[in-house]
Amino acid sequence: MITKRIDFKKNSVQALANPKLKKALVNFTDRSRASRKKAVSEISEWEDLRLEARRIKEQVIKDLDSYLLELEESITRVGGKVHWAKDAEEASKIVATIAKENNVRNVVKSKSMATEEIELNKYLISRGINTVETDLGEYIVQLCNDHPFHIITPAIHKTKEDISKLFSEKFGVPEYEEPQKLANIARKELREKFLSADMGISGVNFAVAETGTIAIVENEGNARLATTYPDIHVAIMGIEKIVPKFEQLSIFLSLLARSATGQKSSTYVSLITGPRREGERDGPRQFHLVFLDNGRSQIAKSEETKESLYCIRCGACINICPIYRQVGGHSYGWVYSGPIGAVITPQLNDLNKTADLPFVSSLCGACRDVCPVKIDFPHVFLSLRQKIIEQAREKPNPREFMEKIAFWIWGTVFSKPFYYNFMGKIMFFLQCFYRKDNELQRLPYPFSKWTRDKNFPAFSKNPFRERWKKKYQVKGKAPR
Amino acid sequence: MIFKESKVLILQNLRSTVREEKSVKKSIESRFFSSKLSINQDGLQNDFIENFKAVSGEVHILEKKKSLTAKINEFLQELDTQAVSFWRTGPLESLEITSDTDPASADIGITGVDFAIADTGTLVILSNTNQPRLTSLLPPIHIAVLKKETIVPNIHALFVKLGKFYQNYNKLCSCISFITGPSRTADIELNLTLGVHGPGRVIVIII
Amino acid sequence: MVMGSLEKGERIHLFISCLVDNFFPEVGEAILRVFSNIGLEIEFPKDQTCCGQPAFNSGHRKEAYKVACHFLDVFDKKNGAIVCPSGSCVSMVKNYYAELFRNDPEKLSRVEKISSNIYEFSEFVFQKKESLNLNSAYRGKVTFHDSCHALRELGISSQPRELIKSLRGIELVEMDMADACCGFGGTFSIKYPEVSKSMLQEKTDSIINSGADAVVSTDMGCLMNIKGLVSRKKLPVKVFHLAELIAFEYPK
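Those sequence lines, one after another, are chains R, W and A. Residue numbers 30 to 509, in the numbering used here, belong to the letters of the first sequence in order. Residue numbers 124 to 330, in the numbering used here, belong to the letters of the second sequence in order. Residue numbers 1499 to 1750, in the numbering used here, belong to the letters of the third sequence in order.
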């Protein structure tokens, strides 16, 4: 949960001042955009897949209650156990209790945004349970007490020099700079953790209501290890992750890999249906699935913004976003960044503390174009903006109050041609203090925000309506 | 720990959503599953090889006269190891390898493959009592023995096969693993590195 | 009206947009030259102001509603196409009026009529290009910036490019990431000017790197933004609305 107001402006200014970060971001977004584009162009049925996925997600969110019950029944049938958590606190408690009941000391975790969202690591570690992130990027982030920078590639803000120094400090190895060597060190360190873990925690990419199967998608193999080696597997899923039918997984798996990393298929997909069966030599003996609501059922109620729940966390909207490309993930102030962060963070948290985020969009719509489930991001942004403005009207702060007054004046002037014409004339005279070469180079607040970096055009002495009147109106049409 | 009230609360919230009508859950008629299954296994094999190699996988086709044991022993010799963990099912049943090590300490894991997907270069492995999951996961090298006739064109066709195999999914195995090449990560400055957790080499032998 | 065919003296209604009206009237005049050349009879409904988008996009729906009602009053009695030199305004009417007026069935039916009859400048001119017989006096290399709303909300991408290519003596060179937002986004550029500036900087870099001596687009929102930095930094590139390029005349 967010406790302090997210100040996007402050965060973004900080990020923009870091040229190293900018370089990493341009490199990253360029590459992921290109590989996604290529992967998508390889299959002719891409648009059909998107439409079908969208349709399935609409159906799921509409009937989420019955799908959740169906999933619970299926999981129970295959020998797993379902836990319902209304918020972060409950979900963490559930996991800690399972750990306590089974004398768990060491936990290995694979990457999961839901567990980031509820800050599960902090909770478990404070209760004396060793909890280690095992995705390489997440591991790096955890070692330096940082937060993930991106939902797919959490450590792109770290250079290999940073990482080599970090590993050298933590493990007493020389400062290797070859990424392969660094990865080998991580393999060795983490392999020991896996082999001594009593519990594995994972997220869930998709959960099939009909069969009780959860799908976990990854490239490293750490999720396979975390869900196979330890005796207990606890998976945590946002309640929106349901897919009704087993065969529908093929649609979502195709969409996810291509959208997220531009791969035809991720390296590993595990379709897990309950704990190990009798006679099997490996696999967990206990399987727990935690349903995490944490505000999601409220979103499902909102006709205007419920499509935010269709998200499959591929990150394509983040990679294409021209704003993310400038400011990176941390500016968004919470675990989700980019366009999806800007729509989901305010809906899962106090809207007053997150009111900056829905305005962090130029409404360019690039995110909508790449979204595998066709979330209409601009539409959601606009709905949230309306909600914020209408709520803020009750007790606006000075800036909001000023904006409100400004738009009230604007609305009055622009709905009456007489005022509108009059305003043009007044502005023409007022601007003479600022005009230079027919442009305005220094305007007072709030327009100074514009003129600090660039010129603003001057109001014309002869606006188009006047020119039309003088030259053409008499004839009724323009001269040939 | 059970939060009974939470379940009630969540369901209550969801039920209060506006709906035009209680929608009928009908099975999805999807055109993707009707994509015609190619009967040309040679073509599928070629596609599989191309795509599997594209993700840094290695592919060998078993020569006509050679036995699987001989082929695998060649690999063992080349890699200079006897620490092998292997399945004893299907084509591997007749494998004559002296040692069988625990996967955690083996240098090589040898498994069969249940299905393969041509257009993504993916191996599909089902878990059961004779097919433990760790064999393909813990050792740094994974050798997978693939029967040519089990290659399907794409992921949608695979799910059709799985559906038939499991008679509408009533008794799914505990874990179906899709493996598309060696373990990989790009978490360090987007540099591709192999073998970060799972095997760094995956060698497929097609029989 | 059937697009593509031209009836003699076909009448169109010009929605000039508040930016062109107040800041860039010369773009309006260029549009008149293009339309006259095609042989259209032009009407300029004189009470027009704005489509209401600035308030709508900022969350101030009440004010947007007020201004949009005025727009409906001015334009909904018109027969014949409404043409506007800004994809953003057209998209507001076509795609978002339905949402703005969703609780108002009477207005919704008026919106429906207008929506089916409003066109962005370049898509309209492209349909009539057979009748366009205008030789731009401009000579040189130009690059095209896709304005986001024309591209993604109206699907306009090839039409302006084809029009540019058909002009003699003008070469179209594509810039890197022509479809990336320039950072304008209405009040976004005032709310987060630092981020907006950073986006704009990338855009102008792309423009300069393309080697073109002019950048052309179809929306004065983007162009006002781009022009702002170009003239502040005195960058060696001209900024044109497509209409200005097509109807380019040497200064007398």
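Think of the CB as a built atom: it goes at the ideal place given N, C-alpha and C, for glycine as much as any other residue. The model shown is predicted, which means the values in this text are computed figures rather than measured ones.
Which runs of the alpha helix (DSSP H) spanning at least 4 residues fall entirely within the stretch 415 to 472 of chain R, listed in chain order?
Within the stretch 415 to 472 of chain R, the complete alpha helix (DSSP H) segments of 4 residues or longer fall at 427 to 443, 446 to 459, listed in chain order.
Tell me the rounded alpha-carbon separation between ILE326/W and ALA215/R.
Within the second sequence, numbered from 1, the residue matching residue 326/W stands at position 203. Within the first sequence, numbered from 1, the residue matching residue 215/R stands at position 186. So the alpha carbons of these two residues sit roughly 24 angstroms apart.
Since ILE230/R meets chain W, which of its residues come closer than 9 angstroms, beta carbon to beta carbon?
The sequence position of residue 230/R within the first sequence is 201, counting from 1. Listed by position along chain W, the residues whose Cβ is nearer than 9 angstroms to that of ILE230/R form an empty set, because the closest Cβ is around 15 angstroms away.
Comparing alpha-carbon positions, which option in ASN314/W, GLU173/W, PRO255/W, LEU199/W lies nearest ASP242/W?
The residue given as residue 242/W occupies position 119 in the second sequence. Comparing Cα-Cα distances from ASP242/W to each of ASN314/W, GLU173/W, PRO255/W, LEU199/W, the minimum goes to GLU173/W.
State the Cα-Cα distance for the pair PHE458/R and GLY1719/A, rounded to the nearest angstrom.
Numbered from its first residue, the first sequence carries residue 458/R at position 429. Numbered from its first residue, the third sequence carries residue 1719/A at position 221. Those two C-alpha atoms are separated by around 23 angstroms.
Please list the partners that LYS284/W has in chain R, where partner means a Cβ-to-Cβ separation under 9 angstroms.
One-based indexing of the second sequence puts residue 284/W at position 161. Proximity of chain R to LYS284/W at the Cβ level (cut-off 9 angstroms) is not reached, the minimal Cβ distance being about 11 angstroms.
Where in the stretch 1685 to 1742 of chain A do unbroken runs of the alpha helix (DSSP H), each at least 4 residues long, occur, reported from the N-terminal end onward?
List check, alpha helix (DSSP H) in window: 1686 to 1689, 1691 to 1707, 1718 to 1730.
Just how far apart, CA to CA, sit ASP311/R and ASN135/R?
Stepping through the first sequence from its first residue, residue 311/R is reached at position 282. Stepping through the first sequence from its first residue, residue 135/R is reached at position 106. Distance between ASP311/R and ASN135/R, taken at the CA atoms: about 18 angstroms.
Assumed close pair GLN1546/A, PHE1513/A - CB separation to whole angstroms, cut-off 8 angstroms:
Taking the third sequence and counting its residues from 1, the one referred to as residue 1546/A is at position 48. Taking the third sequence and counting its residues from 1, the one referred to as residue 1513/A is at position 15. Correct: roughly 6 angstroms between the Cβ atoms.
For the stretch 1631 to 1653 of chain A, which residues have a CB atom closer than 7 angstroms to at least one CB atom of chain R, in sequence order?
Residues CYS1646, ARG1650, GLU1651.
Sequence-distant residues of the same chain with beta carbon closer than 8 angstroms to ILE31/R, five excluded per side
As a position in the first sequence, residue 31/R is number 2, starting the count at 1. For ILE31/R, where only same-chain residues beyond five positions count, the Cβ hits under 8 angstroms are GLY362, TRP363, THR374, ASN378, ASP379, LYS382, THR383.
Sequence-distant residues of the same chain with beta carbon closer than 7 angstroms to ILE274/W, five excluded per side:
In the second sequence, counting from the first residue as 1, residue 274/W sits at position 151. For ILE274/W, where only same-chain residues beyond five positions count, the Cβ hits under 7 angstroms are GLN164, LEU167, GLN168, PHE171, ALA239, ALA241.
How close, in whole Å, do the beta carbons of LEU284/R and ALA82/R come, if the pair is a contact with beta carbons under 8 angstroms?
Within the first sequence, numbered from 1, the residue matching residue 284/R stands at position 255. Within the first sequence, numbered from 1, the residue matching residue 82/R stands at position 53. That pair is a contact at about 6 angstroms.
Which residues mark the beginning and the end of the alpha helix (DSSP H) in which MET142/R is found?
Here residue 142/R refers to the residue found at position 113 when the first sequence is read from its first residue. DSSP places MET142/R inside the alpha helix (DSSP H), whose first and last residues are 142 to 146.
Can you pull the chain R neighbours of PHE1682/A, defined as C-beta to C-beta under 8 angstroms?
Taking the first residue of the third sequence as 1, we reach residue 1682/A at position 184. For a Cβ distance threshold of 8 angstroms, residue set SER391 of chain R lies close to PHE1682/A, ordered along the chain.
Cβ of CYS1679/A less than 9 angstroms from any chain R Cβ?
For the purposes of this step, residue 1679/A is taken as the residue at position 181 of the third sequence. Yes - at least one Cβ of chain R is within 9 angstroms of the one on CYS1679/A.
Where the stretch 1550 to 1564 of chain A meets chain R: residues whose CB sits under 9 angstroms from a CB there
The stretch 1550 to 1564 of chain A vs chain R, Cβ under 9 angstroms: GLY1550, PRO1552, ALA1553, PHE1554, ASN1555, SER1556, GLY1557, HIS1558, ARG1559, LYS1560, GLU1561, ALA1562, TYR1563, LYS1564.
Identify the residues that DSSP records as bridge partners of VAL161/R: which are they?
Counted from its first residue, the first sequence places residue 161/R at position 132. Answer is VAL137/R.
Whether SER1655/A touches GLU1618/A by CB criterion (9 angstroms):
In the third sequence, the residue the question calls residue 1655/A occupies position 157. In the third sequence, the residue the question calls residue 1618/A occupies position 120. No; because the gap between Cβ atoms is not below 9 angstroms, this pair is not in contact.
Exposed or buried, which one is ALA227/W when buried takes at least 16 other CB atoms within 10 Å?
Along the second sequence, one-based indexing puts residue 227/W at 104. Looking at its Cβ environment, which holds fewer than 16 other Cβ atoms inside 10 Å, ALA227/W is exposed.
Does DSSP put MET1673/A in a helix, in a strand, or in coil?
Your numbering for residue 1673/A matches position 175 in the third sequence. Three-state result, MET1673/A: coil.
Could you confirm whether any beta carbon from chain A is found closer than 9 angstroms to the beta carbon of MET431/R?
Indexing the first sequence from 1 puts residue 431/R at position 402. With respect to chain A, the C-beta atom of MET431/R has no partner C-beta closer than 9 angstroms.
CB contact check: ASN314/W to chain R, cutoff 9 angstroms:
As a position in the second sequence, residue 314/W is number 191, starting the count at 1. Closer than 9 angstroms to some Cβ of chain R, the Cβ of ASN314/W qualifies, so yes.
Where HIS262/R sits in the DSSP three-state scheme:
Position 233 of the first sequence, counting from 1, holds the residue named residue 262/R. Correct three-state label for HIS262/R: strand.
Assigned secondary structure, ILE1540/A (DSSP; H/G/I helix, E/B strand, else coil)
Position 42 of the third sequence, counted from the first residue, corresponds to residue 1540/A. Assigned with DSSP and collapsed to three states, ILE1540/A falls in strand.
Can you tell me the Cα-Cα spacing of ASN251/R and ASP398/R, whole angstroms?
Counting from 1 along the first sequence, the entry for residue 251/R is found at position 222. Counting from 1 along the first sequence, the entry for residue 398/R is found at position 369. The alpha-carbon atoms of ASN251/R and ASP398/R are separated by roughly 32 angstroms.
Between TYR463/R and chain A, is there a C-beta pair that is closer than 9 angstroms?
As a working mapping, residue 463/R is identified with position 434 in the first sequence. With 9 angstroms as the cut-off, TYR463/R does not count as an interface residue toward chain A.
Name the one or two DSSP bridge partners that HIS1511/A has.
Position 13 of the third sequence holds residue 1511/A. In the DSSP assignment, HIS1511/A forms a beta bridge with GLU1541/A, ILE1580/A.
When you compare the CB of PRO415/R with every CB in chain W, is at least one pair closer than 9 angstroms?
Counting from 1 along the first sequence, the entry for residue 415/R is found at position 386. Checking the displayed sequence, the identity of residue 415/R turns out to be Gln instead of Pro. The C-beta of GLN415/R comes no closer than 9 angstroms to any C-beta of chain W.
DSSP three-state label for SER300/W, please.
On the second sequence, residue 300/W is found 177 positions in, with the first residue counted as 1. If DSSP states are grouped into helix, strand and coil, SER300/W belongs with the strands.
Based on the DSSP secondary-structure assignment, which residues constitute the bridge partners of TRP113/R?
As a working note, residue 113/R is residue 84 in the first sequence. TRP113/R pairs with PHE320/R.
Does any residue of chain R bring its CB to less than 9 angstroms from the CB of LEU199/W?
Locating residue 199/W in the second sequence gives position 76, where the first residue counts as 1. So no, LEU199/W is outside the interface.
C-beta contact flag for THR163/R and VAL133/R at 9 angstroms
Along the first sequence, one-based indexing puts residue 163/R at 134. Along the first sequence, one-based indexing puts residue 133/R at 104. No, Cβ-Cβ distance for THR163/R and VAL133/R is not below 9 angstroms.
Spatial neighbours of VAL1525/A in its chain, beta-carbon cut-off 8 angstroms, leaving aside the 5 residues before and after
Locating residue 1525/A in the third sequence gives position 27, where the first residue counts as 1. Taken in chain order, the residues that qualify are VAL1518, PRO1583, MET1718, HIS1739, ALA1741, GLU1742.
Since I believe MET1673/A is in contact with SER1708/A (beta carbons under 8 angstroms), could you give me their beta-carbon distance rounded to a whole number of angstroms?
For the purposes of this step, residue 1708/A is taken as the residue at position 210 of the third sequence. For the purposes of this step, residue 1673/A is taken as the residue at position 175 of the third sequence. So it is a contact: roughly 4 angstroms between Cβ atoms.
Is there at least one Cβ from chain W nearer than 9 angstroms to GLN43/R's Cβ?
For the purposes of this step, residue 43/R is taken as the residue at position 14 of the first sequence. No, no contact with chain W.
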